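With the first letter of the sequence shown counted as 1, position 406 gets the number 406 in the UniProt record's numbering; the numbers rise by one all the way through.
Using N, Cα and C, we set each Cβ at its ideal position, and we do this for glycine too.
Bear in mind that the values here come from a model prediction, so they are computed numbers and not experimental data.
Structure first, then comments.
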Amino acid sequence: MSASTDIAHHAGLDVVGQSTPATIDDLKGLVADLYTGEDAIAPTGGGTALAYGPAIAKRAHLVDTTGLATIVDYPSEDLTITLEAGITIKRLNEVLAEKGQFLPLDVPFADRATLGGVLATNTAGPRRQGYGTARDYVIGIDVVGAEGRRIHGGGRVVKNVAGYDFMKLHVGALGTLGIIAEVTLKLHPLPGQRGGVWASLRDDQLQSLLERLHQTQTRPVATTLVNESGRAGTTPWPGEPSPWSLVVLFEESSAAVAWQTEQLRRELADAAIDQVGVLPSEQSAPLLDWLTHWPAAPERTDVLKASLLPSDLATICSSIPEKRPGTGMLIDAGTGITHVDVSGGGVTAIADVRQEVVELGGHAVLIQTDEDRGSRDLVWGSPRDDVTLMRRLKEAWDPRDLFNPGKMP
């Protein structure tokens with residue numbers, strides 16, 4: 001049994017075969033053949049996101065994309081790159097670093113996670129506040145879809161917005177509309193410096209902190225809060241454990257980082273936050289890595305990802321720990337994305353936390369679970385207003401429902 005097949009079985013897939021095409025033409029031919037059968041077509045790369053979403057509804061043939069890792073075109077002076085989607089994020093950033101550039105997405109297990117998988121899940125991490133999500137970097141895409149057809153959208157230059165809606169469809173679609181084969185990305189120059197500020201907080205300081213952060217004159221790339229339960233164990237966090245810990249990261253020139261660090265320290269002092277310190281550049285890398293891997297850590301068997309308005313964060317930060325003591329929380333204060341660790345609480349904890357989120361007008365997706373992943377409602381919650389449109393798109397792009405059937409709501 002291959003490593004990919006082993007991971008797939010763990011993710012609840014009934015695997016009946018596996019293929020690793022070496023070229024996009026090979027991929028087209030393989031999909032054309034598979035599309036005449038009855039088995040599901042399950043794209044996989046490093047296997048890091050196979051468990052995302054409900055389990056596939058039928059037995060599946062794995063299509064391993066890691067053989068598709070060619071860099072097609074890299075005009076570095078244009079800050080763009082075109083490449084096949086089976087390349088790992090680690091390898092991609094190694095190539096880009098040689099030209100002083102990077103793709104600013106924080107991806108767990110970057111040595112295994114492929115570009116295609118990151119796009120299929122629209123992955124982003126702690127620095128989404130400053131840099132956005134995977135969807136923001138795609139300016140061209142090629143997908144192998146039903147009957148092995150290769151379909152292109154977008155272009156190779158930033159100003160070309162043709163096919164924009166086509167690209168939006170496939171980023172975050174969990175491989176349900178086809179297999180992402182080739183991508184053109186826009187890039188960022190590597191920042192000159194990274195630094196930041198940390199703070200330790202009591203529960204009664206949280207409201208004033210959030211208000212101050214929303215009014216800051218600084219430009220953070222990440223503003224992250226973790227509660228004491230979420231910080232349990234060995235971590236690279238500075239300061240003593242407290243009910244809430246904050247880290248704010250800046251990435252710009254050395255002068256800009258220094259000014260913003262001092263400015264935010266003054267702003268927090270004005271908000272009566274007294275336990276504040278400077279996060280040196282050398283401490284920021286291990287902390288950023290810890291934050292990136294927090295939702296995917298093996299010890300967290302059940303994790304909800306909630307989308308909320310930043311103005312509602314103080315409420316959720318109070319209500320969940322009060323009703324479920326010991327619940328770990330990781331919060332992006334800049335965007336409202338909140339991860340809640342409900343491991344060990346079963347379906348009751350999942351339902352209770354989701355209800356808290358829904359009552360605030362948000363929604364919550366179960367991104368990691370040891371529960372029965374065959375239930376769409378358990379993973380996605382109650383159907384949203386856009387479900388009918390999503391299902392119509394699925395019928396149009398995949399009329400035989402073979403690409404990752406059952407993954408979407």
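- For residue 348, the number of other beta carbons within 10 angstroms of its own is below 16, and it is reported as exposed.
- Excluding residues up to 5 positions away in sequence, 76 lie with their Cβ nearer than 7 Å to the Cβ of residue 99 in the same chain.
- Scanning its chain for C-beta atoms nearer than 8 Å, with the 5 sequence neighbours on each side dropped, one finds around residue 371 the residues 302, 346, 347, 350, 378, in chain order.
- The continuous alpha helix (DSSP H) containing residue 390 extends over residues 387-397.
- When C-alpha distances from residue 324 are compared across 108, 297, 353, 333, the shortest belongs to 353.
- The Cβ neighbour count for residue 149, taken over all protein chains shown within 10 Å, is under 16; the residue is labelled exposed.
- Per the Cβ contact rule, the stretch 391-406 is not in contact with the stretch 76-85 (fewer than 3 Cβ pairs under 8 Å).
- For residue 276, the uninterrupted beta strand (DSSP E) segment begins and ends at 275-279.
- Scanning its chain for C-beta atoms nearer than 7 Å, with the 5 sequence neighbours on each side dropped, one finds around residue 52 the residues 121, 174, 367, in chain order.
- Per DSSP, reduced to three states, the secondary structure at residue 331 is strand.
- With 16 or more neighbouring CB atoms inside 10 Å of its own CB, residue 129 falls in the buried class.
- Nearest neighbour of residue 330 by Cα position, chosen from 68, 13, 252, 126, turns out to be 126.
- With respect to the C-alpha of residue 142, the residue from 283, 171, 281 having the closest C-alpha is 171.
- Bridge pairing for residue 73: 82 [DSSP].
- Boundaries of the alpha helix (DSSP H) around residue 350: 346-359.
- Taking a C-beta distance under 8 Å as the contact criterion, residue 124 and residue 114 do not qualify as a contact pair.
- Residue nearest to residue 105 within the set 116, 89, 95 is 89 (criterion: CA-CA distance).
- Counting the other CB atoms within 10 Å of its CB gives residue 369 a total of 16 or more, which places it among the buried residues.
- For residue 253, the number of other beta carbons within 10 angstroms of its own is below 16, and it is reported as exposed.
- Listed in chain order, the alpha helix (DSSP H) elements of length 4 or more contained wholly in the stretch 213-295 are 254-270, 281-293.
- The residues 40, 56, 57, 58, in chain order, have a CB closer than 7 Å to that of residue 405 in the same chain once the five nearest residues on each side in sequence are set aside.
- In chain order, 195, 196, 197, 250, 278 place their CB closer than 7 Å to the CB of residue 261, counting only its own chain and leaving out the 5 sequence neighbours on each side.
- With three or more CB-CB distances shorter than 8 Å, the stretch 63-73 counts as touching the stretch 25-40.
- Apart from sequence neighbours up to five positions away, the residues of its chain that approach residue 222 with a beta-carbon distance below 6 Å are 126, 127, 129, 249, ordered along the chain.
- Looking at the DSSP output, residue 182 shares a beta bridge with 84, 142.
- Check the Cα spacing between residue 304 and each of 361, 213, 381: the tightest is with 381.
- Sequence-distant Cβ neighbours of residue 212 in its own chain, meaning closer than 6 Å and more than five residues away, are 267, 271.
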